[in-house]
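Participant: Okay, here's the structure, questions in a sec.
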Amino acid sequence: MRIWRGVAAGAALVTGLGVLGACGWDITKERASDETKVTERITAVRFANDAGNITIRPGDSSSVHREIHYEDERPGPTHRVEDGVLVLEDCPDDGCWIDYELVVPEGVRVDGAVDSGHAEIRGAGEVNLRASSGDVTVEDVRAPVNVEVSRGNVTLDRIAGTAQVRAASGNVSVGLAAAHDVRVDASSGNVEVTVPDAAYRLDADAGGGHLDSDIQDDRSATHHLDLHTDSGNIEVRRS
C-alpha cells in the first residue's frame, strides 16, 4: 500500500507518527529501528520497495539498518542473502514501510524498484533502478547506470560509465567522471549534462525549451550525447 507521510495537526494529542495514507490520516503508527551485520560475501543488491527510502554506501563491512514504521506488529527480518545477492523485502503488512540504509562492498551491482520513496546510491557497480515517485541520486559509480523515474528528480554525479535516464516528470542532472555515452529522455523537466573534455556526437532536442551547449557536434566522435525533453531546457557543459 502506498503511504504518504506527514504530521497530523492533532499529533501532539496522541501517541505515534501521523501519516497520510490512502484512507486518510493515520495516527497510530509505531516506529522502531535496528541494525544487522551481514557476514556473508555480498556481490549484488536487489530490492523492490512499495514505500520507503533506500540509501546504499560503500564500506569495509556490510550491514542493514532499518527504520521501521508500522501499525500493530513489528515485522521480523526483511532481508536475506541468496548466492551473494543481498535481497531486501518489502514490509509484509499494510500500513507499514521500511527505510533502509545499507553498507556494502564498493562496486556491487544494484538492481531495484521503489514505488514511493527516495533512493541514494554511492560507490556501487552497475545500477539499474526504477522509481515511481521519489528522487534518485547516484554517485561515484564506475559502471553503467540506468534509471527510470515516473515522478521525481534524477541526479547522477561522478559517473565513469554510460548513463541512461528516462524521466516522465522531473529534472535530470548527469555529471560524468570519464567520457562515455549519455542518453536522457525527459517528458517534463530540465536536463543538465556535464562531461569531461572529449569529442562527442551531440543530438539534443529541447522541444519548446532552450538549448545551451558548450559541446560542438562531432559526427565522427565515439561518444554520443543523446538528449531530449518535451518541456524544459537542455544545458551541456564541459567539466
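Per this note's numbering, numbering of the sequence shown is gapless, rising by one per residue and ending at 443.
Here a beta-carbon is modelled for each residue, glycine too, at the ideal position from N, C-alpha and C.
Because the structure is a prediction, the values reported are computed rather than measured.
Distance check for K241 and P400, CA to CA, integer angstroms please.
Facilitator: Their Cα atoms are separated by approximately 39 Å.
Participant: State the DSSP-derived secondary structure class of G436, mapped to helix, strand or coil.
Facilitator: Residue state, collapsed to three classes: coil.
Participant: Look at T433 and A390 and say whether their C-beta atoms are less than 8 Å apart.
Facilitator: Closer than 8 Å, so yes.
Participant: From the DSSP output, which residues share a beta bridge with I325?
Facilitator: Beta-bridge pairing links I325 to I260, V342.
Participant: Quick check: the Cα distance between H428 and Y274, rounded to an integer number of angstroms?
Facilitator: Near 47 Å, if we compare the C-alpha coordinates of Y274 and H428.
Participant: Residues bridged to S320 by DSSP?
Facilitator: Answer is A255, S337.
Participant: State the start and end residues of the unbroken beta strand (DSSP E) segment that holds R235.
Facilitator: Note, R235: beta strand (DSSP E), 228–242.
Participant: Could you name the residues that DSSP lists as bridge partners for R355?
Facilitator: Its beta-bridge partners are S337.
Participant: Would you call the region 307–321 in contact with the region 236–256, where contact means no fewer than 3 C-beta pairs closer than 8 Å?
Facilitator: Verdict: yes, contact present.
Participant: Assess contact between the region 317–333 and the region 341–351, defined as three or more Cβ pairs (one per stretch) separated by less than 8 Å. Is contact present?
Facilitator: The region 317–333, when compared against the region 341–351, does touch it at the 8 Å Cβ threshold.
Participant: Is the CB of H428 under 8 Å away from at least one CB in chain B?
Facilitator: Note that chain B does not occur in the displayed structure, where there is just one protein chain.
Participant: Name the DSSP beta bridge partners of D287, please?
Facilitator: BP columns for D287 are empty, so no partner.
Participant: Might you give, ordered along the chain, the residues of its own chain that have their beta carbon closer than 6 Å to the beta carbon of P296, omitting 5 neighbours on each side?
Facilitator: Result list for P296: P279, in chain order.
Participant: Would you mind stating whether A425 and R405 have Cβ atoms separated by less than 8 Å?
Facilitator: Yes, the Cβ-Cβ distance between A425 and R405 is below 8 Å.
Participant: Cα separation between L292 and V376?
Facilitator: Rounded to the nearest angstrom, the two C-alpha atoms are 27 Å apart.
Participant: Could you tell me the alpha carbon to alpha carbon distance between G338 and D418, rounded to whole angstroms?
Facilitator: Distance between the alpha carbons of G338 and D418: 30 Å.
Participant: Can you give me the C-alpha to C-alpha distance between I246 and A236, rounded to a whole angstrom?
Facilitator: Those two C-alpha atoms are separated by around 26 Å.
Participant: Opposite L378 in the DSSP bridges: which residues?
Facilitator: This sequence places Val at residue 378; Leu is not what is there. Paired residue(s): L360, V397.
Participant: Going by DSSP, what residue range makes up the beta strand (DSSP E) through R370?
Facilitator: That run of the beta strand (DSSP E) goes 367–371.
Participant: When you compare each of R423, S373, A364 to V340 by their alpha carbons, which one comes out closest?
Facilitator: For V340, the nearest C-alpha among the options comes from S373.
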